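Accompanying notes for the structure given below.
Chains as they are written, first to last, in our numbering: chain H, 1 to 370; chain U, 1 to 370.
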């Protein structure tokens with residue numbers, strides 16, 4: 001499955017949602033598709049916010065990460081301070097590691113009541129409409145849906161969509177939106193938005209980090225976001241169990257393609273022996289990615305049923321698109337980070353994956369570092 | 001040995017050097033000491049550079065780190081582009097991990113010839129005059145010595161000293177100096193200076209990172225420093241041997257003071273078994289520092305003779321000064337990072353260290369995280 005077919009699928013999901021809700025899709029899809037993805041309809045978004053007298057419902061994607069959580073919190077706190085009624089909902093709960101964030105309890109489960117009724121919906125950092133899961137049911141018929149995202153695979157669902165794949169984090173886009181609208185960024189809002197940027201750039205290390213990313217982060221520090229405290233909470237609070245898990249993971253690395261592909265398996269036994277939880281696997285893959293010569297890193301996790309596999313992939317080279325590899329297994333993602341859930345892996349899954357990855361690496365003709 | 005006595009020692013070293021070179025110390029020490037450490041004599045420094053018609057000798061500290069290497073390279077390349085004659089010298093060679101930096105070969109060994117003769121000396125990122133080691137011999141009598149540094153323990157040796165302990169890296173001070181002098185920052189210079197800032201802030205994570213640090217980094221990106229390439233070279237090029245070393249280190253952690261102190265021993269056996277070199281221990285301590293509850297992290301390395309110990313210390317809490325703990329063993333450093341070399345440890349070294357650390361932690365009355 002290529003990137004394009006994924007996008008069309010996402011559009012179909014949104015269109016069928018709209019027809020299910022008995023609403024005409026307000027603008028013809030075909031015209032929308034001609035617009036460059038970087039069109040910035042920020043003024044339209046600000047007007048919609050300004051005109052909204054009911055609740056603004058802000059939705060995070062399921063299995064929310066730092067960018068998702070930081071962005072929804074940041075946007076909500078800024079709009080709340082500006083006198084708007086806001087509600088944040090997420091199908092999945094906020095992972096333990098992000099629960100230190102101020103006002104994180106504003107992100108509530110789907111069945112929490114919203115008052116006054118929702119008049120505007122904003123979906124953040126969500127490449128695919130399906131990724132909000134059951135939160136779809138909270139969108140009243142006829143209400144404008146705004147889609148703000150930085151994923152290149154976002155096909156532009158929603159009534160207003162603002163997709164900027166050149167931005168390092170959705171949190172960065174929220175800062176630009178608030179600045180353009182002259183909306184003040186309170187301290188707790190700044191903490192959320194800086195968290196979004198830090199986590200999606202790996203602390204300003206990934207390729208999409210620009211001078212603008214750093215300037216926006218500087219402004220958030222001045223708005224009161226305590227950068228070193230945030231980094232300590234994000235990167236300096238690993239449990240001893242997680243440390244044991246890392247030690248064992250690093251002892252079971254497999255190398256292929258002359259060291260350009262490195263992967264490791266996780267299974268129930270390693271969790272039992274180390275005491276770590278499955279939630280604590282976040283970031284482990286970065287340690288594999290950090291090895292000299294590695295172009296593609298993978299963690300393959302055999303789920304408790306012993307059959308299903310969760311696969312995470314990372315690429316260090318922009319010419320090696322792990323999103324395309326994940327798509328072979330029905331998954332998705334970016335060039336640099338992707339994943340898939342394989343429900344029924346056949347016996348040759350591992351050797352086949354190695355073959356796919358090596359072929360992709362070979363095609364990119366990786367040159368040794370100068 | 002307290003921070004103050006360390007400083008006096010450093011001043012003594014500089015004074016005896018000056019008398020050995022038969023030069024009068026140009027300004028009375030006592031008057032200098034009354035000046036606040038943050039006095040910014042940048043105009044005086046710029047004038048000295050401007051007036052220099054011979055070579056400007058730039059010296060890195062021994063066992064140079066990323067801030068030292070990046071700062072000397074950055075300063076040299078900017079001054080070279082501005083038409084000045086520059087030479088860089090370092091007692092110790094540039095570690096392998098920094099050899100990717102453009103123009104790194106400009107940092108040469110002490111016996112390389114300097115032409116025309118040295119007329120001005122600039123010592124960067126060097127808290128103590130003794131820390132340039134045998135490079136002292138390269139300083140001609142009567143030549144002005146400029147000391148630019150961000151270490152709070154720097155007592156201000158040199159004829160002109162600019163110490164700003166509120167700055168995250170010496171590289172940041174060099175950018176400010178160049179900006180103030182209207183000196184253009186060429187691309188390779190920007191790469192060196194950004195490396196200095198990235199390494200001394202742990203990629204913008206440590207407490208001294210300010211909004212200004214990020215803005216300066218943004219300017220360096222615009223001057224052509226490729227931030228993600230630099231981060232890949234700095235953090236994504238660990239050898240497999242280094243990864244094995246990390247795995248074993250994480251398997252031999254010792255906890256004390258209710259988990260607030262965590263330390264591990266390295267010895268010849270672990271290097272033999274993993275194939276890692278002693279140079280590759282850099283950054284290992286951050287993995288210990290990253291454990292939940294840990295306030296002080298330590299790596300104790302038994303040197304090949306089996307008797308001497310190299311100790312590295314890190315503190316996550318500004319109220320727990322590991323510099324003071326290192327000073328007990330004749331070492332030095334900052335509140336957050338310090339080290340010592342223990343030539344003749346007695347049998348109870350380990351239990352005594354645990355006692356010292358626990359006492360320091362207890363005195364700071366660490367509260368559990370909210």
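Note that beta-carbon positions come from the ideal geometry of N, C-alpha and C, so glycine has one too.
Small disclaimer: the values here were computed from a predicted structure and weren't measured.
Inter-residue CB distance, residue i and residue j (contact presumed, cutoff 8 Å)
i              : j              : result
residue 193(H) : residue 42(H)  : Not a contact, Cβ separation roughly 16 Å.
residue 379(U) : residue 336(U) : An answer regarding residue 379(U) cannot be provided, because it is not within the stretch 1 to 370 covered by chain U.
residue 124(H) : residue 56(H)  : Not quite, the Cβ-Cβ distance comes to about 12 Å (not below 8 Å), so this is no contact.
residue 88(U)  : residue 106(U) : 5 Å
residue 216(H) : residue 175(H) : 5 Å
residue 332(U) : residue 338(U) : 6 Å
residue 146(U) : residue 158(U) : 6 Å
residue 48(U)  : residue 184(U) : About 19 Å separates the two Cβ atoms, so there is no contact after all.
residue 261(U) : residue 354(U) : 7 Å
Beta-carbon neighbours of residue i, restricted to chain U and to distances below 7 Å
i              : result
residue 251(H) : 247
residue 239(H) : 292
residue 361(H) : Neighbours of residue 361(H) on chain U: none; closest Cβ ~16 Å, over 7 Å.
residue 320(H) : Those do not exist, as residue 320(H) stays about 14 Å from chain U at its closest Cβ, beyond 7 Å.
For residue i, the residue or residues it bridges with in DSSP
i              : result
residue 317(U) : Looking at the DSSP assignment, residue 317(U) forms no beta bridge with any residue, so it has no partner.
residue 341(U) : 310(U)
residue 261(H) : 256(H), 296(H)
residue 55(H)  : 85(H), 118(H)
residue 149(U) : 163(U)
residue 332(U) : 339(U)
residue 108(H) : 89(H)
residue 301(U) : 266(U), 310(U)
residue 291(H) : 238(U)
Residue span of the beta strand (DSSP E) that contains residue i, given as start and end
i              : result
residue 67(H)  : Residue 67(H) -> not in any beta strand (DSSP E); alpha helix (DSSP H) instead, spanning 66 to 81.
residue 243(U) : Looking at the DSSP string, residue 243(U) is not in any beta strand (DSSP E); the run it does join, the alpha helix (DSSP H), is 240 to 250.
residue 119(U) : 118 to 124
Partners in chain U for residue i, counting only beta-carbon separations shorter than 8 Å
i              : result
residue 207(H) : 228
residue 215(H) : 214, 215, 218
residue 167(H) : Here the premise fails: no neighbours, minimum Cβ distance about 15 Å.
residue 94(H)  : Ordered by position in chain U, no residue passes the 8 Å Cβ test against residue 94(H), which lies about 17 Å from the chain.
residue 295(H) : Chain U residues near residue 295(H): none, gap ~11 Å exceeds 8 Å.
Residues that residue i contacts on chain H, provided the C-beta gap is smaller than 7 Å
i              : result
residue 236(U) : 289, 290, 316
residue 76(U)  : Correct list: empty, because the minimum Cβ distance to chain H is about 22 Å.
residue 72(U)  : Within chain H, no residue comes near residue 72(U); the closest Cβ sits about 22 Å away, beyond 7 Å.
Segment limits, alpha helix (DSSP H) that includes residue i
i              : result
residue 173(U) : 170 to 180
residue 356(H) : 349 to 364
residue 143(H) : Run containing residue 143(H): none; DSSP gives neither H nor E here.
residue 273(U) : 268 to 274
residue 231(U) : 227 to 235
residue 280(H) : Counting along the chain, residue 280(H) falls outside any alpha helix (DSSP H), and DSSP gives it neither H nor E.
residue 60(U)  : Premise fails: residue 60(U) is in no alpha helix (DSSP H) and is neither H nor E.
residue 213(U) : 211 to 222
residue 197(H) : 187 to 201
Partners in chain H for residue i, counting only beta-carbon separations shorter than 8 Å
i              : result
residue 381(U) : For residue 381(U) there is no data in the structure shown, the boundaries of chain U being 1 and 370.
residue 222(U) : 211
residue 354(U) : The premise fails here: residue 354(U) is roughly 18 Å from chain H at the closest Cβ pair, so nothing lies under 8 Å.
Partner residues on chain H for residue i, Cβ-Cβ distance less than 9 Å
i              : result
residue 203(U) : 202, 203, 204, 205, 231
residue 175(U) : Per Cβ cutoff of 9 Å: no residues; residue 175(U) is ~13 Å from chain H at best.
residue 104(U) : In chain order: nothing, as chain H lies at least about 13 Å away.
Contacts that residue i makes with chain U (C-beta to C-beta distance below 9 Å)
i              : result
residue 276(H) : Within 9 Å Cβ-Cβ: nothing; residue 276(H) doesn't reach chain U, min ~12 Å.
residue 143(H) : Those do not exist, as residue 143(H) stays about 38 Å from chain U at its closest Cβ, beyond 9 Å.
Determine, using beta-carbon pairs with one atom in the segment 69 to 80 of chain U and one in the segment 95 to 107 of chain U, whether at least three such pairs fall under 8 Å.
At 8 Å Cβ cutoff, the stretches touch.
Taking contact to mean at least 3 C-beta pairs separated by less than 8 Å, is the segment 234 to 253 of chain H in contact with the segment 274 to 284 of chain H?
The segment 234 to 253 of chain H is in contact with the segment 274 to 284 of chain H.
Segment contact, 8 Å Cβ cut-off, at least three pairs: the segment 253 to 266 of chain H with the segment 215 to 222 of chain H
Contact fails: fewer than three Cβ-Cβ distances are below 8 Å.
Three Cβ pairs or more, each shorter than 8 Å: is that satisfied between the segment 282 to 293 of chain H and the segment 309 to 317 of chain H?
yes
Contact the segment 155 to 174 of chain H vs the segment 57 to 76 of chain H: 3+ CB pairs below 8 Å
Yes: at least three Cβ pairs fall under 8 Å.
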